[in-house]
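Numbered per UniProt numbering, the sequence shown spans residues 198 to 512. The next block holds one structure in the form of structure tokens; read it before the comments.
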Amino acid sequence: SWRPGDMVSELVEGVRLQVGDARAVAAVSGGVDSTVAALIAKKALGDRLHPVFIDHGLHPEGEVERVLKLLSTVGIEPMIIDAGEQFLSALEGVADPEEKRRVVGRLYAEVLELVARELGAEYLVQGTIYPDVIESGASPGADVIKTHHNVGGLPRDMGLKLVEPLRLFYKDEVRVIAEKLGIPRELVWKQPVPGPGLAVRVEGPLTREKLRIVRHADAIVREEVESAGLSGRLWQYFAVLTASKATGVRGDSRSYGYVVALRAVESMDAMTAKPAELPWWLLERIAWRITSEIPEVVRVVYDITSKPPSTIEWE
Ligand code: XMP
């Protein structure tokens, strides 16, 4: 067993040794992993560490504001890059999940390289954790399950040297380190949002309309799960806009519309997961709200598969 306090000093020392007198940018997303990585790097490098938040326009509703507020409580005031238009135009019409991740990874790298050049930074600090490494097939002989954008998705010829202090940790360990660093519980226990955001929660070709629909449905899921007081028990809870269409009826007429899938899972480390037994009334309430507040959606289904054989995200 290891002591989180000693671990922090070791990790800080590791970054100091790697980066020396150079400058680094830290890509922060507001997730626990990138926040811990940035704080460790800040302890090591002081004001030679420049946190950067890329707003790719694919965040869940309210996430950007929520995250920036939480980051400021631990002294991280990132430079904010508004790249929504750039990401959306590049992703529009892209259907393949791995292609979506590649596009996001490529744009991320481009934006970060540009910012790094302006700041004179040679290093990029990322919150990559062990499951990202395994599932992206980065360990020798491994199969690629999904290229999590912050690993496999970054182009190999990126002109920045990577600093990944959390590469060997699981998320539950990162959360212990986060508490040791005084990161607020709300951020430590915030549900993970995948790097490519809602782009991998619209099944098939991405469009702005579908993005708007999934964002709205997702906001309803969060609001309902949180006000039922269940968020603490769940690893993740979100909505997916499926590629299916189905028949519904509104008033006296047929309406042919989208199918939204709800996903809520319990997990320790995202390597395995089981569907949460949400109360029936809550599922019904969410279905009712989504179909009444979003006219394009006529049907809501609940995903009851475990990981494996499913994964947590649909793409
Ligand atoms: P899966 O869907 O592979 O997800 O069971 C496991 C965990 O990883 C998150 N996830 C991602 N995170 N970039 C990320 O940074 C990605 O491309 C990505 N894909 C999935 C997912 O939300 C879950 O917590």
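For every residue, glycine included, the Cβ atom is placed at its ideal position computed from N, Cα and C. The model shown is predicted, which means the values in this text are computed figures rather than measured ones.
Asked	Found
Around the Cβ of Glu282, are there at least 16 other Cβ atoms within 10 angstroms (buried) or fewer (exposed)?	exposed
Using a threshold of 7 angstroms, state whether the C-beta atoms of Val456 and Ser441 are closer than that.	yes
So, for Met204: in the same chain, excluding its five sequence neighbours on each side, which residues have a beta-carbon less than 7 angstroms away from its beta-carbon?	Ile374
From Phe435 to Gly227, what does the alpha carbon distance come to, in whole angstroms?	17 angstroms
Count the other CB atoms within 10 Å of the CB of Leu214; is the residue buried (16 or more) or exposed (fewer)?	exposed
Beta-carbon within less than 8 angstroms of Ile273's beta-carbon, same chain only, minus the 5 sequence neighbours each way: which residues are those?	Val225, Thr232, Ala235, Leu236, Lys239 and Pro248
Return the CA-CA distance between Leu480 and Ser269, expressed in angstroms with no decimal places.	35 angstroms
What residues are listed by DSSP as bridge partners for Leu403?	Glu289
Please list the segments of the alpha helix (DSSP H) lying wholly inside the stretch 270–316, counting only runs of 4 or more residues, in order along the chain.	281–288 and 294–316
Flag this pair as yes or no: are the beta carbons of Ala399 and Gly454 separated by less than 7 angstroms?	According to the sequence shown, residue 399 is Val rather than Ala. Cβ distance not < 7 angstroms, so Val399 and Gly454 don't count as in contact.
Could you tell me whether the Cβ atoms of Ala416 and Glu512 are closer together than 7 angstroms?	no
Check whether the Cβ atoms of Pro362 and Leu242 lie closer than 7 angstroms to each other.	no
Do Pro391 and Glu510 count as a contact pair if the criterion is CB distance below 7 angstroms?	yes
With 16 other CB atoms within 10 Å as the buried threshold, where does Leu395 fall?	buried
Using a Cβ-Cβ cutoff of less than 6 angstroms, which residues in the same chain neighbour Gly356 once the five nearest sequence positions on both sides are dropped?	Glu310
On the CB-based measure, 16 or more other CB atoms within 10 Å of its CB, does Pro476 come out buried or exposed?	exposed
Name, in chain order, the residues that DSSP records as bridge partners for Glu463.	Lys471
Tell me whether Leu321 sits in a helix, a strand or coil according to DSSP, three-state version.	strand
Would you check whether the ligand XMP has a heavy atom nearer than 6 angstroms to the C-beta of His256?	no
Look at the alpha carbon of Ser450 and the alpha carbon of Leu459, and state the distance between them as a whole number of angstroms.	26 angstroms
Assign Lys407 to one of two classes, buried (16 or more other C-beta atoms within 10 Å of its C-beta) or exposed (fewer than that).	buried
In terms of residues, what are the limits of the beta strand (DSSP E) holding Arg496?	Val494 to Tyr499
Check whether the Cβ of Gly302 sits closer than 6 angstroms to any heavy atom of the ligand SAM, and report yes or no.	With respect to small molecules bound, the structure shown includes the ligand XMP and not the ligand SAM.
Going by DSSP, what residue range makes up the beta strand (DSSP E) through Ala224?	Ala221 to Ala224
Leaving out five residues before and five after Lys368 in sequence, what residues of the same chain have Cβ atoms less than 8 angstroms from its Cβ?	Val229, Asp230, Ile326, Pro328, Pro389, Asp466 and Ala467
Less than 7 angstroms separating the beta-carbons of Leu438 and Leu288?	no
Measuring straight from C-alpha to C-alpha, what distance separates Val212 and Arg220?	11 angstroms
If we count the other Cβ atoms within 10 Å of its Cβ and call it buried at 16 or more, is Asp488 buried or exposed?	What sits at residue 488 in the sequence shown is Thr, not Asp. Buried: at least 16 other Cβ atoms inside 10 Å.
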